[in-house]
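Given below as C-alpha cells:
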C-alpha cells in the first residue's frame with residue numbers, strides 16, 4: 001500500500017507509538033495515508049482505537065516477524 005509518509009516507531013513502548021502517530025497526523029492533510037512501523041504488541045489495539053476515536057480510518061495492518069505495519073488514513 002502506498003503511504004504519503006512513514007513513521008518508524010520500532011523499539012518504542014506504549015504510549016510512544018501513539019504519541020508519535022498523533023504528532024505526524026497533525027502535520028498531514030486530510031485523506032493522506034500514514035504508514036506506522038512498530039514492534040510493541042499493544043500497538044495493534046492501541047492504534048485501531050486511536051484511529052477510530054480521532055475520526056481516522058485504519059486501512060490495513062500486517063505482521064511481519066516482530067514488526068507490525070499499520071496504514072491510517074487521516075480523516
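In UniProt numbering, the protein residues as written are 1 to 75. We put the CB at the ideal spot given by N, CA and C, even for glycine.
- Item | Buried/exposed call for residue 40, threshold 16 Cβ in 10 Å | By one-based count along the chain shown, residue 40 stands at place 40. Looking at its Cβ environment, which holds 16 or more other Cβ atoms inside 10 Å, residue 40 is buried.
- Could you tell me if residue 13 is buried or exposed, where buried requires 16 or more neighbouring beta carbons within 10 angstroms of its beta carbon? Working through the chain shown from its first residue, we reach residue 13 at position 13. Exposed, since its Cβ has fewer than 16 Cβ neighbours within 10 Å.
- Helix, strand or coil for residue 9, going by three-state DSSP, please let me know. Working through the chain shown from its first residue, we reach residue 9 at position 9. It is a strand residue.
- Query: Residue ranges of each beta strand (DSSP E) run of no fewer than 3 residues wholly in the stretch 28-56, ordered along the chain?
  - Reply: Correct list: 33-38.
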